[in-house]
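Below: one structure, written as structure tokens.
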Amino acid sequence: MSTRRNSGLSGGARGLGALACSLLALLSVGWIIRDLGIAQHPADLWWTWLGQARRPAEFTAWATSALDPLLALGALAAAVAALRAASSVASGALLALAAATALMRLPLLWVLGAGWLQGLESGLTGRARLTAGAEIALAVVLVAVVAAGRRPDGSADRDLRGVTQTAYGVVHRLPYEESGGVPGRPRRGPAVTLGVLLGGAGLAIAAWEVHWWLRLDWGTYRKGLLGDASVFRALLQPPVHWQVAALALLALTGAAAALRRASWARPAAMAAGALLFAQAAAALAFANASGQLDRFPVLPGQAQLELGTALWVAAAGLAAVVAAAWPGVPDESRDAATAVAYGASPGAERPPHAPPPPSTLPPGW
């Protein structure tokens, strides 16, 4: 009889992963506090995150965007999952946070080293670039924790599910799950829902990126993809086309994982859905503040299509978060591995086809 052993994160790996997540959250929170300190009014930072051009109280640059509080909250949620959630959920949360952080911070390594940012206060761009490098390093640590921090689980997941082993009057119940599969992975209904929502949203924003790529010449599109002074908004904000392309990649990856019902699909889908919702909701809030929503019937067709896409992406992202939060396949390995003795008490029944209990129970029974 072949056996296949489950693996889970060890206690040390969980602790190290939670520590790395906490450091990621602290880095984002520190820059948010810095921006609140230079704002003329605290609400200016909020409106800046929504895309309005608000000036800080002194001659400097904003450091954060709407992405930073979302990454901070995601890092805190991943830290809690690393300490308390099942192994598959914890691993998926750590990997989702690592992927989102690495994708969003990678272009900052060359953007913050560009010559057109040297006019800012001394050391500011250097600290921001150091922050981006540290966050990417922590993302690599999270991947290493998941890859190297696994340990064999105490329960065996045997191929003969639902079979009862008997020996010396003891019944060992082997794992049995009607739907089958790795514990923690999404059930069939939510998995299809996540695939449709994330896949549709990812394809929609990817189609817009292809549209802008074809409509703009490569030099103009390249500025929005790899960074330029003309598209600079905040020190820690990736270039706009890079950010949208990264969101499309995360959404399509989450959709593929959900359709495959991978064990890490639910955390990945929740992270992608939250990022999609935040991006689209910020665009809709800016459109509302600028009066575009009130003038929607008279807007040009392309503007209407852009707002319609933002509305669909926001709804799909929020629905994906709800669907990903739906409980997945339960982990019954702990219950399945228990041994039940019969003949030790008057109420214990002998299972069918099991040998009778010994006439004399062993010592210590």
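Under our numbering, think of the first position of the sequence shown as 5, with each following residue one higher.
By construction, the Cβ of each residue, glycine as well, lies at the ideal position given by its N, Cα and C atoms.
Near residue i, which residues of its chain fall below 6 angstroms by C-beta distance, leaving aside the five closest residues on each side in sequence?
i, result
"Gly184", "Since pLDDT at Gly184 reaches only 48, below the 50 mark, its modelled position is unreliable, and no value is offered."
"Phe300", "none"
"Asp339", "With a pLDDT of only 43 at Asp339, under 50, the local geometry of the prediction cannot be trusted, and the value read off the model is given with reservation. The answer is none, since no qualifying residue turns up."
"Leu23", "none"
Ends of the alpha helix (DSSP H) at residue i?
i, result
"Pro271", "Ala269 to Ala293"
"Asp48", "Pro46 to Trp53"
"Ala94", "Ser91 to Arg109"
"Ala252", "Val244 to Arg264"
"Thr313", "Gly305 to Ala328"
"Leu116", "It is not in any alpha helix (DSSP H) - Leu116 carries neither H nor E in the DSSP assignment."
"Val302", "That residue, Val302, is in no alpha helix (DSSP H); it is neither H nor E in DSSP."
"Ala85", "Leu71 to Arg88"
"Ala205", "Arg192 to Arg219"
"Leu124", "It is not in any alpha helix (DSSP H) - Leu124 carries neither H nor E in the DSSP assignment."
"Leu229", "Trp222 to Leu230"
Quick one, are the C-beta atoms of residue i and residue j less than 8 angstroms apart?
i, j, result
"Asp48", "Ala67", "no"
"Ala252", "Ala210", "yes"
"Gly55", "Phe290", "yes"
"Leu324", "Leu207", "As written in the sequence, residue 324 is Ala, which differs from the Leu given in the question. Against a cut-off of 8 angstroms, the Cβ pair of Leu207 and Ala324 comes out as no contact."
"Ala89", "Pro190", "no"
"Gly21", "Val149", "yes"
"Ala327", "Pro194", "yes"
"Leu112", "Arg133", "yes"
"Thr64", "Leu13", "no"
"Leu74", "Ala282", "yes"
"Ala83", "Cys25", "yes"
"Gly245", "Leu229", "Here residue 245 is His; the residue named in the question, Gly, does not match the sequence. Yes, the Cβ-Cβ distance between His245 and Leu229 is below 8 angstroms."
"Tyr225", "Trp212", "no"
"Pro331", "Ala85", "no"
"Pro60", "Ile42", "yes"
"Ala136", "Leu116", "yes"
Per DSSP, which residues does residue i bridge with? Please list them.
i, result
"Leu373", "Beyond the ends of the chain as shown, which are 5 and 369, falls residue 373; an answer cannot be given."
On the premise that residue j lies in contact with residue i, defined as a C-beta separation below 8 angstroms, what is that separation, rounded to the nearest angstrom?
i, j, result
"Leu288", "Ala314", "5 angstroms"
"Gly204", "Ala320", "6 angstroms"
"Ala275", "Leu101", "7 angstroms"
"Trp51", "Ser69", "Contact flag wrong, Cβ pair sits at about 12 angstroms."
"Gly199", "Ala262", "5 angstroms"
"Ala118", "Gly231", "7 angstroms"
Excluding five sequence neighbours on each side, which residues of the same chain lie with their C-beta closer than 8 angstroms to the C-beta of residue i?
i, result
"Ala81", "Ala97"
"Gly305", "none"
If I measure Cβ to Cβ from residue i and keep anything under 7 angstroms in the same chain, skipping five residues before and after, which residues do I get?
i, result
"Ala17", "Val149 and Gly153"
"Ala255", "Leu202, Ala205, Gly206, Ala276 and Leu280"
"Ala318", "Phe281, Ala284, Ala285 and Leu288"
"Ser95", "Leu13, Val150 and Trp268"
"Leu303", "Gln296"
"Gln241", "Ser69 and Leu71"
"Glu139", "Leu28, Leu31, Thr105 and Arg109"
Between residue i and chain B, is any beta-carbon pair separated by less than 8 angstroms?
i, result
"Ser32", "Absent from the structure is chain B; it holds one protein chain and no more."
Using a threshold of 7 angstroms, is the CB atom of residue i nearer than that to any non-hydrogen atom of the ligand SAH?
i, result
"Leu251", "The model depicted lacks the ligand SAH and carries no ligand whatsoever."
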